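Beneath this line is the structure, given in structure tokens, with notes to follow.
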Amino acid sequence: MYRDTGIVPWCSNSIVLNGKGRTYCHPQESLDSVGGKGRNSLGCLPQPLQAQYSNSQTCEPTKTDLEIVQPKQGQEWIWINFIHSGAHHELQISVDEHEFFVVAADGEFVHPQKVHVANCNLGERISILVRLDKTPGDYAIRVTSLREEQVIQGIGILRYAAAQVYRGAEPPDTTPWVHLNGSLIDRTLVKMDEMNLAPYPKRPPPPTADHTLKFSVNMTGKSSWALNIGPHQAFRQQLPPLLWEEGSRGVTTYGDKAQGLMKNGSVVDIIFSNGANVSSQHPFHKHNNKAWIIGTGTGGFPWASVEDAIQNGGVVDRFNFVDPPLRDGCRLGNETGDWTVIRYQITFPAASMLHCHMIHHFAAGQQVVILEGVESMAPIPTDVKDRIHSNFQPPLRYGPLD
Ligand SMILES: [Cu+2]
């Protein structure tokens with residue numbers, strides 16, 4: 001359906017924590033008040049031609065158990081790790097009536113941020129420390145979608161050790177910090193600032209880069225997304241390994257001999273920018289290395305490199321070389337011309353994937369392969385090369401989703 005109509009199957013029934021959660025059917029006026037009119041009973045906005053090509057979806061409530069997080073008796077703090085394994089809804093984390101500290105991002109300690117809500121994008125990890133200083137009882141842990149296309153929230157339970165609770169795993173009736181769409185109930189509340197998640201202890205990025213890759217994001221069809229020249233074609237994973245078979249690479253492999261090898265130990269800048277046909281943010285994931293998010297901006301990135309941008313573009317204030325976040329990926333903004341720059345050092349020789357984590361972008365070609373430090377790898381033994389591979393010859397008209 002998605003390939004041929006561009007209709008994305010993102011309308012979900014529930015957001016679960018450790019596999020537990022419910023479908024909540026909110027009153028239509030609640031959905032309207034936070035998300036505007038025109039949503040279905042699951043809180044979803046209709047897509048063009050959806051009624052023609054797909055079944056209608058109706059909210060049916062469920063009553064399953066909720067996940068309970070419970071500290072031991074006497075514990076004054078609780079540490080909770082959130083791992084976003086989903087592929088569409090950026091989520092916002094909150095715990096009713098509790099502020100908390102964000103203490104780690106993607107498994108690395110950060111300078112703690114005291115907040116009421118923290119966002120956790122696709123594929124990301126956020127760790128929080130919650131002080132258990134409220135009246136013992138059950139408090140809702142809320143994971144709220146920040147995507148405009150669906151108003152949806154998942155609920156878990158923070159249950160104090162001393163809580164006298166005999167009500168099973170029902171949603172707590174505590175007071176949330178947020179509305180159903182993730183907007184704050186009070187403007188004095190504090191959101192996590194993801195560009196201010198400095199590594200702890202300090203880990204500044206290398207001051208200069210050896211290589212620059214520029215990726216311009218564009219939607220090239222209703223189910224086709226590209227970084228630069230064209231979408232990555234999924235059939236390439238059926239071909240003989242591109243590590244040694246140059247014929248398997250296509251236009252979405254970077255860092256081979258023709259373009260200049262990126263050697264082990266070298267420093268790479270990747271500059272993402274949005275082209276004209278862009279309708280949503282892109283949470284990119286860089287495999288194998290963490291990368292510093294050294295700059296973001298708007299209005300396009302016409303310069304050849306970060307150095308060029310600083311010398312000739314007057315955008316030095318858009319960069320942070322002192323204590324930028326060190327993450328598994330980065331966010332590219334929603335608008336045409338938005339840009340984000342990451343910097344990393346190749347320390348793990350590999351054919352690495354770089355892709356958007358939105359599943360319908362990823363599947364529709366928003367991914368590339370980067371050959372990193374491959375010159376330092378031992379030669380591939382002949383008996384490995386000579387193992388039987390399928391001799392699959394795809395028709396080259398294939399698109400990314402075929
Ligand atoms: Cu994307």
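In UniProt numbering, the protein residues as written are 1 to 402. We treat Cβ as the ideally placed atom computed from N, Cα and C, and that holds for glycine. These numbers come from a predicted model, not from an experiment.
May I have the straight-line CA-CA distance separating residue i from residue j, to the nearest angstrom?
{"i": "Asn18", "j": "Pro379", "result": "43 angstroms"}
{"i": "Gly156", "j": "Glu97", "result": "14 angstroms"}
{"i": "Ala118", "j": "Gln92", "result": "6 angstroms"}
{"i": "Ile7", "j": "Glu90", "result": "19 angstroms"}
{"i": "Phe101", "j": "Lys191", "result": "11 angstroms"}
{"i": "Gly299", "j": "Val315", "result": "11 angstroms"}
{"i": "Gln366", "j": "Ser376", "result": "28 angstroms"}
{"i": "Cys11", "j": "Asp138", "result": "29 angstroms"}
{"i": "Val34", "j": "Ile152", "result": "11 angstroms"}
{"i": "Ile126", "j": "Glu194", "result": "11 angstroms"}
{"i": "Ile80", "j": "Asn288", "result": "25 angstroms"}
{"i": "Met219", "j": "Val268", "result": "25 angstroms"}
{"i": "Phe301", "j": "Lys222", "result": "25 angstroms"}
{"i": "Gly297", "j": "Gln73", "result": "48 angstroms"}
{"i": "Ser37", "j": "Val178", "result": "At residue 37 the sequence reads Lys, which differs from the Ser that was named. Whole-angstrom Cα-Cα distance: 20 angstroms."}
{"i": "Ser94", "j": "Glu245", "result": "48 angstroms"}
{"i": "Tyr200", "j": "Glu108", "result": "8 angstroms"}
{"i": "Trp303", "j": "Asn312", "result": "8 angstroms"}
{"i": "Pro381", "j": "Gln233", "result": "28 angstroms"}
{"i": "Lys20", "j": "Tyr344", "result": "37 angstroms"}
{"i": "Gly373", "j": "Thr347", "result": "8 angstroms"}
{"i": "Leu158", "j": "Thr135", "result": "12 angstroms"}
{"i": "Ser56", "j": "Pro27", "result": "18 angstroms"}
{"i": "Tyr160", "j": "Val16", "result": "21 angstroms"}
{"i": "Lys385", "j": "Gly333", "result": "42 angstroms"}
Helix, strand or coil for residue i per DSSP?
{"i": "Thr340", "result": "strand"}
{"i": "Asn218", "result": "strand"}
{"i": "Gly295", "result": "strand"}
{"i": "Asp96", "result": "coil"}
{"i": "Gly247", "result": "helix"}
{"i": "Val374", "result": "helix"}
{"i": "Phe235", "result": "helix"}
{"i": "Ile141", "result": "strand"}
{"i": "Met353", "result": "strand"}
{"i": "Asp269", "result": "strand"}
{"i": "Val130", "result": "strand"}
{"i": "Val316", "result": "helix"}
{"i": "Thr62", "result": "coil"}
{"i": "Asn289", "result": "coil"}
{"i": "Thr135", "result": "coil"}
{"i": "Thr252", "result": "helix"}
{"i": "Asn119", "result": "strand"}
{"i": "Asn196", "result": "helix"}
{"i": "Gly43", "result": "coil"}
{"i": "Ile346", "result": "coil"}
{"i": "Thr188", "result": "coil"}
{"i": "Asn264", "result": "coil"}
Where does the unbroken alpha helix (DSSP H) through residue i begin, and where does it stop?
{"i": "His361", "result": "359-362"}
{"i": "Ala226", "result": "Run containing Ala226: none in the alpha helix (DSSP H); it sits in the beta strand (DSSP E), 224-227."}
{"i": "Leu31", "result": "28-35"}
{"i": "Tyr53", "result": "50-53"}
{"i": "Gln311", "result": "306-312"}
Judging by CA-CA distance, which residue of the options is the nearest neighbour of residue i?
{"i": "Ala198", "options": "Ala104, Gly255, Gly337, Arg343", "result": "Ala104"}
{"i": "Lys263", "options": "Glu124, Ala351, Asn13, Ala276", "result": "Ala351"}
{"i": "Ser54", "options": "Leu66, Asp4, Val69", "result": "Asp4"}
{"i": "Pro204", "options": "Leu180, Trp292, Glu76, Ala363", "result": "Trp292"}
{"i": "Leu227", "options": "Ile370, Leu122, Ser266, His88", "result": "Ile370"}
{"i": "Ala169", "options": "Val69, Glu372, Leu332, Thr252", "result": "Val69"}
{"i": "Ile83", "options": "Tyr200, Arg343, Val143", "result": "Val143"}
{"i": "Phe321", "options": "Gly313, Ser223, Val306", "result": "Val306"}
{"i": "Arg327", "options": "Pro46, Val110, Leu31, Met1", "result": "Val110"}
{"i": "Cys330", "options": "Ala364, Cys356, Ile310, Glu29", "result": "Cys356"}
{"i": "Ile388", "options": "Pro240, Ser224, Asp210, Gln28", "result": "Pro240"}
{"i": "Asp32", "options": "Glu149, Pro112, Val130, Asp173", "result": "Glu149"}
Taking the beta strand (DSSP E) that residue i belongs to, which residues open and close that run?
{"i": "Val115", "result": "108-115"}
{"i": "Asp386", "result": "Here Asp386 belongs to no beta strand (DSSP E), and DSSP marks it neither H nor E."}
{"i": "Arg159", "result": "153-159"}
{"i": "Arg3", "result": "Run containing Arg3: none in the beta strand (DSSP E); it sits in the alpha helix (DSSP H), 2-5."}
{"i": "Ile83", "result": "77-83"}
{"i": "Cys11", "result": "It is not in any beta strand (DSSP E) - Cys11 carries neither H nor E in the DSSP assignment."}
{"i": "Cys25", "result": "Unbroken run through Cys25: none, as it is neither H nor E."}
{"i": "Leu332", "result": "329-332"}
Check whether chain C comes within 9 angstroms of residue i, counting only Cβ atoms and requiring the distance to be less than that.
{"i": "Gly74", "result": "Among the chains in the structure shown there is no chain C, since it carries only a single protein chain."}
Following a CB-centred definition, is residue i positioned closer than 8 angstroms to any heavy atom of ligand 3?
{"i": "Phe215", "result": "Absence of ligand 3 from the depicted structure is noted, with ligand 1 being the only ligands included."}
Contact the stretch 56-65 vs the stretch 38-48: 3+ CB pairs below 8 angstroms: Yes: the two stretches touch, three or more of their Cβ pairs being nearer than 8 angstroms.
Three CB pairs or more closer than 8 angstroms across the stretch 277-291 and the stretch 242-262: Of all C-beta pairs linking the stretch 277-291 to the stretch 242-262, fewer than three are shorter than 8 angstroms, placing the two stretches out of contact.
The stretch 174-184 / the stretch 327-343 touching (three or more Cβ pairs under 8 angstroms): With the rule of 3 Cβ pairs closer than 8 angstroms, the stretch 174-184 does not count as touching the stretch 327-343.
The stretch 78-88 touching the stretch 111-130, judged by at least three CB pairs closer than 8 angstroms: As far as the Cβ criterion goes, the stretch 78-88 touches the stretch 111-130, which means the pair count is three or higher.
Three CB pairs or more closer than 8 angstroms across the stretch 265-276 and the stretch 215-223: Counting C-beta pairs closer than 8 angstroms gives three or more between the stretch 265-276 and the stretch 215-223, which meets the contact rule.
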